[in-house]
Structures are given as C-alpha cells and as structure tokens.
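Numbered by our numbering, the letters in the sequence shown go through residues 3 to 748 in order.
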Amino acid sequence: AALLALPILPLSIVWRTPRIRAQFHTWLWAIGYLVCMGATRLLPPVESQLLLLLQLAVTVVYLWLARRYAPQQTAGAASARLIALAVGLILALPWVAVGALGSWLDTLLAALLALAWGALAWTLLNIAWLPALRVETRGPRRDRLVSGLVAGVLLLILASGLSFNGVQLWLMVALPATAWAALASGAPGLVWGVAVAAPLLWIDSDAATLLASDSLLGDFAIAAVWTLLLGWALGLLGSFARATWHRLVARPLAGGLAVAALGLAAVVYLTAGTPGFYGDRLFVILTPQADVSGAAQLLDLATRRQAVHTTLVAHARATQADLTAALDRLGAGYTPYYLVNALEVDGGLLLRLWLETRPEIDRILISPELRPDTLEAAEGDRDAPDVPPWNLDLIGATRVWADFGVRGQGVIIGQSDSGVEADHPALADRYLGRTTGSDYHWFDPWYGAPAPVDYDGHGTHTLGTILGKTVGVAPDAEWIACANLVRNLGNPAKYLACMQFMLAPFPLGGDPFEDGDPSRGANVLNNSWGCPTAYEGCDALVFAPAVAALRTAGVFVVASAGNEGPRCATIADPIATYDEVTTVGAVDRRGNLAPFSSTGPVMADGSGRIKPDIAAPGVDILSAFPNHSYYVASGTSMAGPHVAGVVALMWSANPALVGDVAATEALLLEAAHPFTGTLAPPVSEEEQAVMAETLGADNPVDRWLTPASDPQACLYQTDLDTLPNNVAGYGVVDAYRAVELARSAR
C-alpha cells in the first residue's frame, strides 16, 4: 500500500486535469482498503474462517464509509442484473471445474465477503471516476476503453488485499480482465461479486500457499487464465459490439441467459467439479494427559510397550467419554486419539466457540484438511546405481556391512511420510507385508488407500536412504509405513494418527483403540517432516505427550531439523524441537553445513534447548523414487534417514540394546565425529554440474562455488568446540564407530 501510494498520492494532488485526477483518487480509495485489510494478515493463514470473518467486517465497514462519499446510486434495470448474473456465472466456470468447496460456513462467509467486495468496487468507481466522466466525456468508445482500464487497476489493487495464503495472486490475475464486461452489463457490482465469489469459494487456501507445492496450484493457474480470457472476450462483446450486446440484455432474453448460465455452472460442478463440502477441522486437546512413566521400570520390552498402550487407551476412553457423548448429541463427527489425549472434530468456528466452554478441554487447534484433487505419481530422472552412493561411504555404512556383516536385520523401521512405492525394486523385499498384506503394515489416514502408495515421492526417497537396496544404510531392516503427508501439507491429527500406528499397528479399517497391537509396532521411527503453526496448525507442545510415551515404550524417534537455516533458532516446528527426539541437521559430501539446515536453540517453546543432536549427509542424496526410478534430493529430510538407518544397524548388531533408547542415543552421539566444516555453497555440487552443462564453458558458475557468507548464519555465532552445539549437535554421524560401540555395550 505504501509503495502504491508513493506515486499516486502526489499525482492526485498536483495533476490539474479533473478527469485524470479522478483516476488517482479512485485508486487512492483502493489503497486505503489495502491499509485496512493489512490488520487481517496478522492472523496465521490456518485460521481461515476467522480471517474471512474479519475481512468481511473490514469490507462492510469500508463499503459503508465509501458510500457516504459516493453519489446516490440507482438500482440497475432487472435485465441488467440478470445479464450481470449470467456474466458472473460464466466467469466462475473455470473455478467450479477445478476446485472444491470448503465447509458450509467457509462457503457462507466467502460468499458474503465476495458480494460486499463487488459492491465496494462499484462504489469506489462511483466516488470520483464516473462523476468526472459525466462532466468531461471524450466520446462513448474512448470513455468505455478508459473506464475499463481505470476499473481494471482498481480491481487489481483491491484484489491484492483480499483473501490470504496466496489466493490473492490468482485474484490479481483473473479479476482485472473482467472490468469491461462488468461495466457493459449495467450492474458491475454484481458481476464482480459473483466473479470473485468463485475463487473465494472454490480455491482451497490451504493448498494455495507455495509452501504446500500442491498439484492444485497448477489447476488454480489454469482457472485464473481462463477467467482472464473469458473476461476479455465478454468485454470485447460488451464494449465494441454494442448492438449485439443490447439485443442480449433485452429482459426476456436476459432471463434466459441467466438461467442457462446457472444451469451450465451446475452441470460443470456436478460433472467436472468436486461436489460436496470439505472444510478444515478442529484438533481438540484435553487437559488430563496420561502418565505412562511407571512403565519405564518394566525391563521386558514387549511388556513395557503393552503397558504404555493399555494406559494410554484406558485414560483416553475415561476422560473423553463426556465430551464424545455431547458431540454425539450434537451430531458432530469426531475421531478420538490416545497417544495425545485429543479428538479431531468435524466443525468450524461456531462449534469451536462451544467447545471452548467445556472444562475438560485444554486448547483447540486448527486441523487443516486439503480439499480433493486428482493425484499422479512423481518420477525420478536417475537409474538404479550399481554401487552404494557417496553418502553411505561417508558415514561408514559400507564398512559396517563388510567388517561386521551387520545390515539391519531384525529391526522394523516405521516410516511416516508421503507414502511408499511398495513394489519399488529397492524396497519391495523389505516390506513387512510383502507376503501377508497391508494389515498391521500400512495405514493411510488421508484417503484410506488399501496398499502402500506414494504420489509425491518424498516418502519413497527417505525410506530408500534408510534401507533401500544399494542406496540404504540398513538394507536388511524391514519397514511398515503410514501416509501422514500425502500432498506435502499435514495437520496435527494425521501426524498423530501415524505415530499411534507406529506404536500399535492395526488392520485395514481397524480401530486403533480396539485393534492396536503393540507387539507388531516399529522399533525406529523416521520423521522427515515438521508441523508449522501458521500452515498446519500445530503449536509447540502438541506432540510432547506422544514422543514422551514413544520413548518410554522403547521406540527410537528420529526427526529432521528443518530447512529454515542458516540462522539461529530456526528449529521451530515439532517434533524436531523435543528433547525425547533425536534431531538431525544436514551436511554435504565435504562435511560442510548445508545452508538450509535449521539450527538451535529451540525458542518456540521457550526452552532454549540445544538442537540439533547430530548431523548427517543431506545434500545431493540419491535414493529410490516412484515409478521404479531414482532421484537426487537435498534437505534435512534426507539427513534424518541416515541416523534412523544407523540406529537400525546398532540394534541389529546388539539386540540387547533394542528398546533402550537412552543408552542407544548416548552411544550414537558419543560415536559422532566432531563437525569442523564451514557453511556450504548455496548451490550444491550436483546442481553446479547441471548448471555448468546448461550454461556451457562461456558462462562459468564459479560465483556459486564460494561458501555462503551470511554474517547472521548461526555457524558464525557458534563455538564449534562446545559439544553439543546449535549447529551440528555432537557432530556428524559415524555408523562404523556407533556399531563398534553398540557391539561392546552390555
């Protein structure tokens, strides 16, 4: 708003021509709307209903204020309103085809906001521009052309302040092109109200953020371009084929056009679209959390796991009973959990207000639910390697296989990620359900897939690094999996559902409370994900009871540090922040810290805890990918699996350590060799090679080879001689030394 006002405000004062000055005044009103809407950006995007409600309130108040300065507006003819409705519905068709509605409350709030916004746009055009046009006309054709330009800029400015989470980008692409068609209709406010209602209703704001990298982003882009083209086409018809347009707006024909457009929109919605309501949910955390500390005294691992599970389930059943009975009376759907004493409730802002009055509830978080989309599996661009890649040599995994004959046998890996391609040649032989099926071995809380599948590729890649044939640290370990991040955006409930499954798996369609079997659970969990507050709804402590219970049950939990580095205090999203979790940062093949690797201390919960605990290779990692392919990827997501694999080697080398998380972690960290590197270049060696091949010899990439030099990088503020430290914890993982120590442990 400030940048726009910088040139427009002085021009609106000094320009002498009333007609030109009126344009600047019109746009200044739009800038004022931007300023007022700025306050709504203070809320996290995950609070979508509250954001819509606040934006509706701001828009209505601003509309009331604007109408005090606008000349009295007469209602357009009925035929004009009908043709405006038809135009708006035609402009809405692309969004109806590609998107899906939120909840009924999302839909109502978005519709009201859209209608108020359309009325505001028309009112602002009436304050200065249209009165000036009546005083100083330049001829009908020129006036129509210029009016469309003035209105287009007005819509562009107003659209940039509307909605949130990146939705405004698509509004800015689509809406300005509707200016000429709306003005020709005779009821522009209605056209704009309907035209903006479509993206507000059918765009999933959770998927609109670039962080999600969701496949719907491409659909939104296509819909925005189609709206732009339709707007131009209707604008040409309305502005420059006036005789034809006037025949169309004759009242009987206008009514028929409106009915036809409405029918067409309904057909598109029911055939090409996604009927139904798909809103976000509420994650309701109860005040009494179970105390499982007594189970820590049980020496037998199977007995201990069973005791933890039994205690958690009994506590959740007892403390949730009154709340679930009340929800049943209201007819509200819910899913109960026990690893954290919580429920995911199918409801929005109104139900949340009621829930907050309940005495047994500690707090309520948003659980964002992605709306449906058609998914296609990714595919890598590499062939299967003939020899283990560099990262396995760097940590000493290949020496472990050769010298000790230890390859992870007897250890079950629990993989919670985007899924797994179960028939991938690198993974198929190690799937625990390869002969018995998916019961107890696979769970998809998002879409209920009956067998392991991975569209994104992230889960296949990270699991491949743990145990994949040729590319994995512990290639004889076995795996079970859960899809908590199918489309690169999760929520508290889905993350928790997968952690529960890892503790006590259950058959397909089973009840975690009734059918969970701790004896079938995983030994080591890899978690190459984080749950940010703004986009996925987690708070700092949401999974604290879960990871504490898993550790007590003898489950080793590994988490990736995150990719928000290189500055300090960037490890901020659970579960990487917790003391009960082994958190992993990333280094490259030269032992330098990856510039993206998040660092400590942990400030999100106020603890100041030193993190990460250890570092591992996380740059240019070759691993398995869907469609039986392979792919090179970078991230702390790639580093964490190395540590999970090393723990599998340690427990395979000395089964007496299995379930003794504290002793194992101590040996793992003792074995790490000190980090002595610097900050790696911003472009990895793999990327440098691609750039060099693309650019050719005449365009050297030397400037990318120098290490990153951000003076605020945590590395340059950390004493690396102090162990642990907030850059690499105790150092870089050493599989060979860790297995040596594990073999000699008693």
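Every residue gets a Cβ at the ideal spot worked out from N, C-alpha and C, and that includes glycine.
If I measure Cβ to Cβ from residue i and keep anything under 7 Å in the same chain, skipping five residues before and after, which residues do I get?
i    : result
L6   : I33 and I159
E49  : I368
A548 : L341, V342, L498 and M501
Y71  : I129
V741 : V402, F406, V408, L651, M652 and A655
A646 : I415, I468, V526, N528 and V560
V234 : It should be pointed out that residue 234 corresponds to Trp in this sequence rather than to Val. So the list reads A179, once near-sequence residues are dropped.
G466 : A428, L429, V473, G474, S625 and A626
Closest to residue i by CA distance: which of the options is it?
i    : options                   : result
G220 : L110, T376 and S50        : T376
R146 : S187, V685 and L107       : S187
V196 : D456, L93, D419 and V455  : L93
S746 : Y732, G90 and P657        : P657
P576 : P568, G593, C540 and F558 : C540
A737 : A588, H463 and V475       : V475
L527 : L624, V148 and V663       : V663
L487 : D517, V648 and S418       : S418
T464 : A561, D441, N525 and D383 : A561
G608 : F627, A235, T638 and A571 : A571
A161 : P178, L332, L659 and D723 : P178
T1   : A4, E582, S105 and G637   : Past the edges of the chain, shown from 3 to 748, lies residue 1, and the structure says nothing about it.
G661 : L301, R569 and G265       : L301
A226 : V270, Q170, A184 and Y271 : Q170
Could you name the residues that DSSP lists as bridge partners for residue i?
i    : result
W653 : In the DSSP output, where bridge partners are listed per residue, W653 has none listed.
F222 : F222 is not bridged to any residue.
C484 : S418 and F445
V560 : N528 and T584
Y433 : W481
Y497 : Paired residues: none, contrary to the question.
F627 : S631
V734 : A617 and H675
V589 : L595 and P619
A715 : R569
A102 : T276
R384 : Y632
R283 : S369
N727 : G731
Counting only the same chain and skipping the five closest in sequence on each side, list residues whose C-beta sits under 6 Å from that of residue i.
i    : result
E371 : D282 and R283
R705 : Caution is warranted here: a pLDDT of 46 is assigned to R705, below 50, making its placement in the model unreliable, and no coordinate value can be reported.
R373 : A102, D206 and Y280
N701 : Because the pLDDT at N701 is just 49, under 50, the model does not fix this residue reliably, and the value given afterwards should be weighed accordingly. Closer than 6 Å at the Cβ level, and outside the excluded window around N701, lies no residue.
A479 : G410, V413, I415, L469 and A650
D615 : T584, T585 and G731
A116 : G195, V198, A199 and L202
F545 : P576 and I577
A327 : none
A574 : A606
R307 : P520 and A555
Is the CB-CB distance between residue i and residue j below 8 Å?
i    : j    : result
L552 : L510 : no
S420 : G461 : yes
W29  : V193 : no
K613 : G620 : no
G435 : W444 : yes
G398 : A428 : no
I468 : I414 : no
A606 : T585 : no
A483 : V557 : no
A200 : W97  : yes
H311 : G518 : yes
A536 : P190 : no
T337 : L329 : no
G168 : T109 : no
Near residue i, which residues of its chain fall below 8 Å by C-beta distance, leaving aside the five closest residues on each side in sequence?
i    : result
L55  : L111 and L351
I10  : F26, W29, L30 and I33
V589 : L595, A596, S599, A617, A618, P619, G620, V621, A641, F677, G679, A682, A730 and V734
I363 : V286, I287, L288, T289, L325 and L357
T42  : L53, L56, Q57, V60 and F166
L259 : L84, I85, A88 and L250
A304 : P520 and S521
L8   : none
For a minimum of 4 consecutive residues, which ranges assigned as the alpha helix (DSSP H) are wholly contained in the stretch 155-208?
169-176, 181-187 and 190-204
Ignoring anything shorter than 3 residues, give me the beta strand (DSSP E) runs that lie fully in the stretch 286-367, in order along the chain.
Runs of beta strand (DSSP E) with 3 or more residues, each lying fully within the stretch 286-367, are found at 336-339 and 344-347, listed in chain order.
Please give the ranges of any beta strand (DSSP E) in the stretch 10-50, keeping only runs that are unbroken, at least 3 residues long and fully inside the region.
The qualifying runs do not exist here; there are none.
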